[in-house]
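Below is one structure, written out as structure tokens; the observations come after it.
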Amino acid sequence: MPGLMASFLFRIDRFFPRPRVEGRESPEAYSDWEHRTGRTLIGRCDEYLGDLAGKKILDIGCGLGGKTLVYAEAGGDVTGVDLDPVHCSGAADYALGSGCPLNVVCGDATLLPFSDSSFDIVIANDSMEHFHDPASALNELVRVVRPGSLVFLFFTPWRSPLGSHLYDQIKTPWCHILFSEKILEDMVGLAFEEEGREDPAEDAARVMDDYRIKNNRIDISGYRKIIQSAGTVVVEKEELIPPKFEFLRPLTRYPWIREFFTGTVVSFLRKK
């Protein structure tokens with residue numbers, strides 16, 4: 011049973027606006043949402059990614075394939091990789107249903123089944139924060155891309171307002187920084203109870219298991235240390251995007267404060 015503190019914080023949480031996350035109705039709806047955001051992403055990054063036609067592209071953490079399909083529709087020879095067999099199957103089915111089949115491989119980013127220097131572009135979109143060993147994963151991404159080519163990373167750092175990835179149930183920004191895991195689990199359970207779930211406590215425990223396993227807690231400084239340690243790439247461009255409000259961008263310039271006021275890290279790395 012949730013404690014008094016969790017119940018109190020949950021009531022306050024209901025006053026916060028819900029983060030805009032679409033496509034929760036079904037896997038197909040989520041793929042459609044990813045497909046739309048993928049098109050926007052390609053447009054924003056065109057200066058660095060260039061024309062994708064004819065290029066061999068590796069999409070790490072492809073999920074249900076919405077963004078992966080965008081790269082293929084742009085003319086790329088695309089391979090998607092995901093650790094989750096359900097995601098791999100969903101990505102392949104989504105692409106097939108769209109008339110643009112993809113090569114989807116179920117595999118671990120830290121042990122990719124590809125030869126050295128076999129891709130023109132490697133993309134890891136919303137994946138870096140989930141790799142169980144981000145340093146090893148980055149080394150693998152760099153290994154399989156050709157010299158002079160790009161590794162494109164786009165991720166939510168741990169101390170971001172939404173770094174918990176619990177925003178489907180908890181709307182309070184920085185909830186994972188402010189509250190204990192016990193309180194978080196109780197709040198998730200209360201959200202499920204509000205939805206009318208049959209066993210909200212069990213569902214909350216499962217969500218929190220994923221929270222512990224799937225978030226590696228990488229922050230901006232930790233990510234930069236990994237890049238420096240790799241030694242085989244140069245940072246072509248790095249952008250720290252503030253969460254939601256553009257007027258917060260100046261706060262991303264200051265070392266300690268940037269950790270809390272960066273919603274997304276966008277990074278283009280060029281292999282030496």
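If you use this note's numbering, the sequence shown closes out at 282, no skipped numbers anywhere. Ideal Cβ positions, reconstructed from N, Cα and C, are used throughout, including at glycine.
Where Ser283 falls, given that 16 or more other Cβ within 10 Å makes a residue buried:
Because the chain in this structure spans residues 11 to 282, residue 283 falls outside the shown range and cannot be described.
Distance CB(Ile52)-CB(Leu59) smaller than 8 Å:
Their beta carbons are under 8 Å apart, which means Ile52 touches Leu59 by this criterion.
Select from Phe129, Ile237, Asp56 the residue whose C-alpha is nearest the C-alpha of Arg156.
In terms of CA proximity to Arg156, Phe129 leads the group Phe129, Ile237, Asp56.
What do you reckon, are the CB atoms on Phe124 and Val154 nearer than 8 Å?
yes
Quick one: is Leu188 buried, meaning 16 or more other Cβ sit within 10 Å of its Cβ, or exposed?
With a threshold of 16 other beta carbon atoms within 10 Å, Leu188 falls short and is exposed.
Buried or exposed: which applies to Gly199, given that a residue is buried once 16 or more other Cβ atoms fall within 10 Å of its Cβ?
Looking at its Cβ environment, which holds 16 or more other Cβ atoms inside 10 Å, Gly199 is buried.
I'd like to know if the stretch 271-282 and the stretch 163-173 are in contact, where contact means that at least 3 CB-CB pairs between them fall below 8 Å.
yes
Own chain partners of Phe164 with C-beta closer than 6 Å, once the 5 adjacent residues on each side are dropped:
Only residues of its own chain outside the window of five on either side were considered, and among them Asn135, Val276 have a CB closer than 6 Å to the CB of Phe164, listed in chain order.
Meets three-Cβ-pair contact criterion under 8 Å: the stretch 133-150 and the stretch 231-250:
yes
DSSP three-state assignment for Lys77, whether helix, strand or coil:
In the structure shown, Lys77 falls within a helical segment according to DSSP collapsed to helix, strand and coil.
Val152 versus Asp56 - alpha carbon distance
21 Å
Bridge-paired residues (DSSP) for Ile228
Secondary-structure assignment with DSSP links Ile228 through no beta bridge to anything.
My output table needs one value for Pro265: the three-state DSSP class, helix, strand or coil.
Helix, per DSSP.
Please return the same chain residues whose Cβ sits closer than 6 Å to the Cβ of Lys282, not counting the five positions on each side in sequence.
Cβ contact annotation for Lys282 (same chain, cutoff 6 Å, sequence separation greater than five): Thr242, in chain order.
Own chain partners of Gln179 with C-beta closer than 6 Å, once the 5 adjacent residues on each side are dropped:
Contacts found: Val198, Ala201.
Where do the N-terminal and C-terminal ends of the alpha helix (DSSP H) with Glu248 fall, by residue?
Unbroken run through Glu248 is the beta strand (DSSP E), 243-251; no alpha helix (DSSP H).
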